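Participant:
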Amino acid sequence: MSVKILPFNEIYAEPVKQLVIDIHQEFGFDYDRRLDADLEEISHVYGGRGGFWLAIENAKVVGTSALREDTQYTGTLKRMYLLPLFRGKGIGRLLLQQAVDYAKQQKYGEILLDTVTFQKDAIRLYEKFGFVKTGCKGS
(Lines of atoms letter the chains of each structure in order from A and count residues from 1; the text may use other names and numbers.)
(Lines give C-alpha, C1' and ligand atoms only; values in the text may rest on other atoms or scores of the structure.)
Protein backbone atom coordinates (compact mmCIF):
# COMPACT_ATOMS: atom_id res chain seq x y z
CA MET A 1 0.00 0.00 0.00
CA SER A 2 1.28 3.41 -0.92
CA VAL A 3 -1.04 5.71 0.99
CA LYS A 4 -0.24 9.42 1.08
CA ILE A 5 -1.58 11.93 3.60
CA LEU A 6 -2.49 15.15 1.79
CA PRO A 7 -4.34 18.36 2.61
CA PHE A 8 -7.95 18.50 1.44
CA ASN A 9 -8.54 19.50 -2.17
CA GLU A 10 -11.99 20.36 -3.53
CA ILE A 11 -11.65 17.71 -6.26
CA TYR A 12 -12.16 15.17 -3.46
CA ALA A 13 -15.29 16.75 -1.94
CA GLU A 14 -17.74 14.14 -3.27
CA PRO A 15 -15.50 11.11 -2.55
CA VAL A 16 -15.04 12.38 1.02
CA LYS A 17 -18.78 12.70 1.48
CA GLN A 18 -19.31 9.19 0.07
CA LEU A 19 -16.62 7.76 2.35
CA VAL A 20 -18.38 9.26 5.38
CA ILE A 21 -21.76 7.94 4.24
CA ASP A 22 -20.31 4.44 3.71
CA ILE A 23 -18.60 4.34 7.10
CA HIS A 24 -21.67 5.72 8.86
CA GLN A 25 -23.70 2.90 7.30
CA GLU A 26 -21.10 0.37 8.45
CA PHE A 27 -21.66 1.51 12.05
CA GLY A 28 -25.44 1.84 11.74
CA PHE A 29 -25.67 5.63 11.40
CA ASP A 30 -27.63 7.51 8.78
CA TYR A 31 -26.29 10.52 6.93
CA ASP A 32 -27.73 13.55 8.71
CA ARG A 33 -27.79 16.81 6.72
CA ARG A 34 -27.66 18.83 9.94
CA LEU A 35 -24.87 16.91 11.69
CA ASP A 36 -22.93 16.37 8.46
CA ALA A 37 -23.37 19.90 7.08
CA ASP A 38 -19.60 20.47 7.31
CA LEU A 39 -19.18 18.07 4.40
CA GLU A 40 -20.96 20.55 2.13
CA GLU A 41 -18.36 23.26 2.88
CA ILE A 42 -15.17 21.48 3.95
CA SER A 43 -12.79 24.27 2.91
CA HIS A 44 -14.88 26.87 4.70
CA VAL A 45 -15.53 24.92 7.91
CA TYR A 46 -11.97 23.63 8.30
CA GLY A 47 -10.18 26.67 6.87
CA GLY A 48 -8.51 29.34 8.95
CA ARG A 49 -6.75 27.61 11.82
CA GLY A 50 -8.46 24.29 11.18
CA GLY A 51 -7.41 21.59 8.76
CA PHE A 52 -8.70 18.60 6.82
CA TRP A 53 -6.51 15.77 5.56
CA LEU A 54 -6.99 12.86 3.23
CA ALA A 55 -5.43 9.43 3.06
CA ILE A 56 -5.13 8.76 -0.66
CA GLU A 57 -4.19 5.54 -2.41
CA ASN A 58 -4.13 5.41 -6.20
CA ALA A 59 -6.13 8.67 -6.39
CA LYS A 60 -8.85 7.21 -4.13
CA VAL A 61 -9.85 8.66 -0.75
CA VAL A 62 -9.42 5.86 1.80
CA GLY A 63 -9.44 7.93 4.99
CA THR A 64 -9.80 11.38 6.52
CA SER A 65 -9.02 13.41 9.59
CA ALA A 66 -9.91 16.98 10.44
CA LEU A 67 -9.33 19.61 13.08
CA ARG A 68 -11.94 22.29 13.63
CA GLU A 69 -11.00 25.48 15.43
CA ASP A 70 -13.27 26.03 18.43
CA THR A 71 -11.52 28.85 20.26
CA GLN A 72 -8.13 30.49 20.02
CA TYR A 73 -6.77 27.72 22.26
CA THR A 74 -8.87 24.65 21.45
CA GLY A 75 -9.67 22.52 18.47
CA THR A 76 -11.89 19.52 17.96
CA LEU A 77 -10.75 16.40 16.17
CA LYS A 78 -13.35 15.50 13.57
CA ARG A 79 -13.88 13.13 10.67
CA MET A 80 -11.45 10.39 11.67
CA TYR A 81 -12.52 7.77 9.14
CA LEU A 82 -10.74 4.91 7.42
CA LEU A 83 -12.12 2.31 5.05
CA PRO A 84 -12.07 -1.20 6.57
CA LEU A 85 -9.41 -2.56 4.19
CA PHE A 86 -6.98 0.13 5.38
CA ARG A 87 -7.48 -0.26 9.13
CA GLY A 88 -4.78 -1.78 11.32
CA LYS A 89 -2.00 -0.69 8.96
CA GLY A 90 -0.88 2.50 10.71
CA ILE A 91 -2.79 4.85 8.41
CA GLY A 92 -5.16 6.00 11.15
CA ARG A 93 -2.09 6.80 13.25
CA LEU A 94 -0.70 8.93 10.40
CA LEU A 95 -3.99 10.80 10.01
CA LEU A 96 -4.24 11.43 13.74
CA GLN A 97 -0.58 12.47 13.94
CA GLN A 98 -1.18 15.01 11.16
CA ALA A 99 -4.03 16.60 13.11
CA VAL A 100 -2.13 16.59 16.42
CA ASP A 101 1.00 18.09 14.85
CA TYR A 102 -1.09 20.78 13.18
CA ALA A 103 -2.81 21.58 16.50
CA LYS A 104 0.62 22.06 18.07
CA GLN A 105 1.65 24.39 15.23
CA GLN A 106 -1.50 26.41 15.84
CA LYS A 107 -0.63 26.48 19.57
CA TYR A 108 -3.85 24.83 20.68
CA GLY A 109 -3.66 23.93 24.35
CA GLU A 110 -6.33 21.28 24.04
CA ILE A 111 -7.83 18.99 21.42
CA LEU A 112 -11.32 17.67 22.07
CA LEU A 113 -13.03 14.75 20.38
CA ASP A 114 -16.05 12.57 20.74
CA THR A 115 -16.58 9.01 19.68
CA VAL A 116 -18.88 6.13 20.48
CA THR A 117 -17.88 3.49 23.02
CA PHE A 118 -18.10 0.56 20.59
CA GLN A 119 -15.30 1.95 18.41
CA LYS A 120 -12.72 0.31 20.63
CA ASP A 121 -9.84 0.36 18.13
CA ALA A 122 -10.26 4.11 17.63
CA ILE A 123 -10.41 4.68 21.38
CA ARG A 124 -7.17 2.70 21.86
CA LEU A 125 -5.49 4.86 19.21
CA TYR A 126 -6.71 8.06 20.85
CA GLU A 127 -5.48 6.88 24.25
CA LYS A 128 -2.03 6.08 22.81
CA PHE A 129 -1.89 9.72 21.72
CA GLY A 130 -2.71 10.87 25.25
CA PHE A 131 -6.41 11.57 24.91
CA VAL A 132 -8.34 10.88 28.11
CA LYS A 133 -11.98 10.13 28.65
CA THR A 134 -13.72 13.07 30.30
CA GLY A 135 -17.38 12.18 30.06
CA CYS A 136 -19.90 9.98 28.40
CA LYS A 137 -22.93 11.14 26.46
CA GLY A 138 -24.09 7.61 25.79
CA SER A 139 -22.99 4.61 23.81
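The working numbering runs 1 ahead of the 1-based position in the sequence shown. Idealized CB from N, CA, C, for every residue including glycine. Only a predicted model underlies this, so the values are computations on that prediction, with no experimental measurement involved.
1. Answer with buried or exposed for Gln73, where buried requires no fewer than 16 other C-beta atoms within 10 angstroms of its C-beta.
2. From the DSSP output, in three-state form, read off Leu20 for me.
3. Considering only the alpha carbon of each residue, which of Lys134, Tyr109 and Glu111 lies closest to Lys121?
4. Does the stretch 89-102 touch the stretch 36-44, meaning 3 or more C-beta pairs lie closer than 8 Å?
5. Return the CA-CA distance between Ile22 and Gly76, expressed in angstroms with no decimal places.
6. Between the alpha carbons of Glu58 and Ser3, how many angstroms are there, rounded?
7. Is Gly139 helix, strand or coil by DSSP?
8. Short of 8 Å in beta carbon distance, which residues of its chain neighbour Leu126, apart from the five on each side in sequence? Order them along the chain.
9. Which residue comes first and which comes last in the alpha helix (DSSP H) that contains Arg34?
10. Would the stretch 9-27 count as touching the stretch 50-65 if we require 3 or more Cβ pairs under 8 Å?
11. What is the rounded straight-line gap between the Cα of Glu70 and the Cα of Phe30?
12. May I have the straight-line CA-CA distance separating Arg50 from Ala123, to the nearest angstrom?
13. Mark Gly64 as exposed unless 16 or more other C-beta atoms lie within 10 angstroms of its C-beta, in which case mark it buried.
Facilitator: The short version:
1. The residue in question, Gln73, is exposed, as its Cβ has fewer than 16 Cβ neighbours within 10 Å.
2. In this structure, Leu20 counts as helix in the three-state DSSP scheme.
3. Selected option, being the one with the closest Cα: Lys134.
4. The count of Cβ pairs closer than 8 Å, one atom from the stretch 36-44 and one from the stretch 89-102, stays below three, leaving the stretches out of contact.
5. Going from the Cα of Ile22 to the Cα of Gly76 covers about 24 Å.
6. Spanning the alpha carbons of Glu58 and Ser3 requires a straight line of approximately 6 Å.
7. Reliability fails at Gly139, whose pLDDT of 45 lies under 50, so the model's placement of it is uncertain and no value is given.
8. For Leu126, same chain residues with a beta-carbon under 8 Å away, outside a window of 5 residues either side, are Gly93, Arg94 and Leu97 in chain order.
9. From DSSP, Arg34 is part of no alpha helix (DSSP H); its letter is neither H nor E.
10. At 8 Å Cβ cutoff, the stretches touch.
11. Using only the alpha carbons, I get a separation of about 25 Å.
12. One C-alpha to the other measures close to 24 Å.
13. Sixteen is the threshold: when 16 or more other Cβ atoms of the shown chains lie within 10 Å of the Cβ of Gly64, as they do, the residue is buried.
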